[in-house]
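For reference, the structure is listed below as structure tokens.
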Amino acid sequence: EEIQEYINYYNNERIKSNLNKMSPIDKISNSLLSKLSLNLSKLLGAVYFSTASFSIFFLYKISPMQQYIIPELSYKTIKKFLHS
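Note that this note's numbering has the sequence shown beginning at 122, numbered continuously upward.
Here it is, written out as structure tokens:
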């Protein structure tokens, strides 16, 4: 998580310095590309996160408490993650 934030910060700084040397057309295509990659990373994060919570869900399927705790937990975490 922290490493990813650092990478994002570093890339943003690099992009800012490069933007000053770019033509307007390059700037537009670059901002579109960064929006696309941000959405893609969010999507991949959501897929990874839901996969993780469902694995937990199936691991606890043998647990006697499963019907109370796990479905609620995985639903809440997925919902929280998707809204962030």
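Every residue, glycine too, gets a C-beta built ideally from N, C-alpha and C.
Remember, predicted model here, so these are calculated numbers, not experimental data.
- Per the C-alpha coordinates, the member of 170, 159, 165 positioned closest to residue 129 is 159.
- Closest in alpha carbon position to residue 132, among 145, 144, 152, is 152.
- Note that the C-beta distance between residue 203 and residue 173 is not below 7 Å.
- Excluding the 5 residues flanking it on each side, residue 157 has no same chain C-beta neighbour closer than 7 Å.
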